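If you read the sequence shown in the numbering used here, its first letter stands for residue 20, the second for the next number, and so on. By construction, the Cβ of each residue, glycine as well, lies at the ideal position given by its N, Cα and C atoms. All values derive from a computational prediction rather than experimental measurement.
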Amino acid sequence: MSTASALAGGSAVGSHHLLEAMLQAENSMAAKVLRELGVDPAAVAAKIDELDPETTTDANPEETAARQMELRLVGEEVHLILRDPGTVTLAKKVTELSDGPIRGAGPVAGLFVPLWRSVNQLLGQFQHVLEPEAEEAGGSAAGKVAKAVRSVLAPRLRG
(Lines of atoms letter the chains of each structure in order from A; the text may use other names.)
(Lines give C-alpha, C1' and ligand atoms only; values in the text may rest on other atoms or scores of the structure.)
Protein backbone atom coordinates (compact mmCIF):
# COMPACT_ATOMS: atom_id res chain seq x y z
CA MET A 20 0.00 0.00 0.00
CA SER A 21 2.87 2.38 0.69
CA THR A 22 4.06 2.08 -2.90
CA ALA A 23 0.55 2.73 -4.22
CA SER A 24 0.24 5.77 -1.93
CA ALA A 25 3.59 7.08 -3.13
CA LEU A 26 2.55 6.58 -6.76
CA ALA A 27 -0.67 8.51 -6.08
CA GLY A 28 1.50 11.39 -4.90
CA GLY A 29 -0.89 12.71 -2.31
CA SER A 30 -4.13 12.21 -4.18
CA ALA A 31 -6.54 9.33 -3.63
CA VAL A 32 -5.15 5.86 -4.37
CA GLY A 33 -6.88 4.42 -7.40
CA SER A 34 -6.94 0.91 -8.82
CA HIS A 35 -4.28 1.95 -11.36
CA HIS A 36 -1.91 2.86 -8.50
CA LEU A 37 -2.59 -0.52 -6.86
CA LEU A 38 -1.99 -2.37 -10.14
CA GLU A 39 1.34 -0.65 -10.76
CA ALA A 40 2.39 -1.15 -7.14
CA MET A 41 1.61 -4.87 -7.38
CA LEU A 42 3.73 -5.19 -10.51
CA GLN A 43 6.62 -3.37 -8.84
CA ALA A 44 6.59 -5.37 -5.60
CA GLU A 45 9.64 -7.59 -5.86
CA ASN A 46 8.94 -11.25 -5.16
CA SER A 47 5.28 -10.66 -4.35
CA MET A 48 2.76 -13.29 -5.35
CA ALA A 49 0.80 -10.77 -7.42
CA ALA A 50 3.89 -9.70 -9.37
CA LYS A 51 4.93 -13.31 -10.00
CA VAL A 52 1.46 -14.34 -11.18
CA LEU A 53 1.08 -11.33 -13.47
CA ARG A 54 4.56 -11.74 -14.95
CA GLU A 55 4.06 -15.50 -15.50
CA LEU A 56 0.85 -14.62 -17.33
CA GLY A 57 2.94 -12.44 -19.63
CA VAL A 58 1.97 -9.07 -18.18
CA ASP A 59 4.67 -6.51 -18.98
CA PRO A 60 4.98 -3.75 -16.33
CA ALA A 61 6.09 -1.19 -18.95
CA ALA A 62 3.10 -2.02 -21.16
CA VAL A 63 0.75 -1.67 -18.17
CA ALA A 64 2.26 1.73 -17.31
CA ALA A 65 1.93 2.91 -20.91
CA LYS A 66 -1.70 1.79 -21.07
CA ILE A 67 -2.52 3.51 -17.76
CA ASP A 68 -1.04 6.75 -19.13
CA GLU A 69 -3.02 6.34 -22.36
CA LEU A 70 -6.42 5.73 -20.77
CA ASP A 71 -8.55 8.55 -19.41
CA PRO A 72 -9.26 8.07 -15.69
CA GLU A 73 -12.39 10.22 -16.04
CA THR A 74 -14.11 7.24 -17.64
CA THR A 75 -13.50 5.11 -14.53
CA THR A 76 -14.48 5.06 -10.88
CA ASP A 77 -10.91 6.25 -10.09
CA ALA A 78 -11.62 9.75 -11.41
CA ASN A 79 -11.30 12.72 -9.10
CA PRO A 80 -11.24 16.40 -10.08
CA GLU A 81 -7.79 17.10 -8.65
CA GLU A 82 -6.03 14.29 -10.52
CA THR A 83 -7.92 15.13 -13.71
CA ALA A 84 -6.68 18.73 -13.49
CA ALA A 85 -3.16 17.62 -12.55
CA ARG A 86 -2.93 15.37 -15.62
CA GLN A 87 -3.26 18.52 -17.75
CA MET A 88 -0.46 20.43 -15.97
CA GLU A 89 3.06 20.96 -17.19
CA LEU A 90 6.26 22.55 -15.87
CA ARG A 91 8.61 23.99 -18.49
CA LEU A 92 11.99 25.67 -18.27
CA VAL A 93 12.07 28.57 -20.72
CA GLY A 94 15.41 30.32 -20.59
CA GLU A 95 15.82 31.46 -17.00
CA GLU A 96 12.10 31.12 -16.18
CA VAL A 97 9.98 28.24 -14.95
CA HIS A 98 6.54 28.22 -16.53
CA LEU A 99 3.70 26.44 -14.75
CA ILE A 100 0.99 25.58 -17.26
CA LEU A 101 -2.51 24.75 -16.07
CA ARG A 102 -5.05 23.69 -18.68
CA ASP A 103 -8.10 22.55 -16.75
CA PRO A 104 -11.15 24.61 -17.73
CA GLY A 105 -12.04 25.68 -14.19
CA THR A 106 -8.61 27.16 -13.50
CA VAL A 107 -8.42 28.79 -16.94
CA THR A 108 -11.84 30.43 -16.43
CA LEU A 109 -10.85 31.67 -12.97
CA ALA A 110 -7.52 33.02 -14.29
CA LYS A 111 -9.34 34.88 -17.06
CA LYS A 112 -11.66 36.50 -14.54
CA VAL A 113 -8.82 37.48 -12.17
CA THR A 114 -6.72 38.84 -15.05
CA GLU A 115 -9.71 40.84 -16.25
CA LEU A 116 -10.42 42.20 -12.76
CA SER A 117 -6.76 43.11 -12.18
CA ASP A 118 -6.31 44.61 -15.63
CA GLY A 119 -3.36 42.34 -16.44
CA PRO A 120 -1.01 39.78 -14.91
CA ILE A 121 -0.68 39.54 -11.15
CA ARG A 122 2.88 39.74 -9.90
CA GLY A 123 4.28 38.69 -6.54
CA ALA A 124 5.22 42.22 -5.52
CA GLY A 125 4.26 44.34 -2.54
CA PRO A 126 1.44 43.07 -0.35
CA VAL A 127 0.54 40.39 -2.91
CA ALA A 128 3.92 38.65 -2.42
CA GLY A 129 2.67 36.75 0.62
CA LEU A 130 -0.09 35.15 -1.43
CA PHE A 131 2.52 33.73 -3.81
CA VAL A 132 4.62 32.11 -1.06
CA PRO A 133 2.55 28.86 -0.80
CA LEU A 134 2.68 28.46 -4.59
CA TRP A 135 6.45 29.03 -4.59
CA ARG A 136 6.89 26.46 -1.80
CA SER A 137 4.71 23.92 -3.60
CA VAL A 138 6.54 24.27 -6.91
CA ASN A 139 9.93 23.95 -5.21
CA GLN A 140 8.75 20.91 -3.26
CA LEU A 141 7.42 19.34 -6.46
CA LEU A 142 10.70 19.97 -8.30
CA GLY A 143 12.58 18.45 -5.36
CA GLN A 144 10.41 15.34 -5.54
CA PHE A 145 11.05 15.03 -9.27
CA GLN A 146 14.78 15.39 -8.67
CA HIS A 147 14.58 12.71 -5.96
CA VAL A 148 12.89 10.33 -8.41
CA LEU A 149 15.43 11.00 -11.13
CA GLU A 150 18.54 11.07 -8.89
CA PRO A 151 18.33 8.18 -6.43
CA GLU A 152 20.22 8.58 -3.17
CA ALA A 153 22.78 5.92 -2.27
CA GLU A 154 21.22 4.94 1.07
CA GLU A 155 17.99 3.85 -0.64
CA ALA A 156 19.78 1.00 -2.35
CA GLY A 157 19.52 -1.09 0.83
CA GLY A 158 16.79 -3.52 1.70
CA SER A 159 14.74 -1.23 3.95
CA ALA A 160 11.00 -0.95 3.37
CA ALA A 161 11.35 2.75 2.56
CA GLY A 162 14.15 1.93 0.12
CA LYS A 163 11.99 -0.66 -1.63
CA VAL A 164 9.09 1.80 -1.93
CA ALA A 165 11.43 4.49 -3.28
CA LYS A 166 12.90 2.03 -5.81
CA ALA A 167 9.43 0.95 -6.98
CA VAL A 168 8.21 4.53 -7.31
CA ARG A 169 11.40 5.51 -9.15
CA SER A 170 11.06 2.61 -11.61
CA VAL A 171 7.49 3.67 -12.42
CA LEU A 172 7.90 7.46 -12.52
CA ALA A 173 11.41 8.09 -13.85
CA PRO A 174 10.76 6.87 -17.42
CA ARG A 175 7.57 8.96 -17.58
CA LEU A 176 9.35 12.11 -16.43
CA ARG A 177 12.03 11.61 -19.06
CA GLY A 178 9.52 10.90 -21.82
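Give the range of the alpha helix (DSSP H) segment to which residue i is assigned.
i	result
residue 90	First-last for residue 90: 89-93, but that is the beta strand (DSSP E), not the alpha helix (DSSP H).
residue 127	Careful: residue 127 lies outside any alpha helix (DSSP H) and carries neither H nor E.
residue 41	34-43
residue 23	21-27
When the distance is taken between beta carbons, is residue j closer than 9 Å to residue i?
i	j	result
residue 39	residue 63	yes
residue 24	residue 35	no
residue 85	residue 30	yes
residue 138	residue 90	yes
residue 42	residue 54	yes
residue 123	residue 131	yes
In chain order, what residues of the same chain have a beta carbon less than 6 Å from the beta carbon of residue i, not counting five sequence neighbours either side?
i	result
residue 83	73
residue 93	none
residue 87	102 and 103
residue 114	none
In the structure shown, what three-state DSSP assignment does residue i receive?
i	result
residue 99	strand
residue 58	coil
residue 79	coil
residue 120	coil
residue 69	helix
residue 115	helix
residue 86	coil
residue 30	coil
residue 46	coil
Closest to residue i by C-alpha separation, out of the options, would be which residue?
i	options	result
residue 80	150, 104 and 99	104
residue 32	127, 150, 76 and 143	76
residue 98	108, 135, 127 and 128	135
Can you name, in chain order, every residue of its own chain whose Cβ lies under 8 Å from the Cβ of residue i, other than the five neighbours on each side?
i	result
residue 118	none
residue 106	84
residue 49	41 and 42
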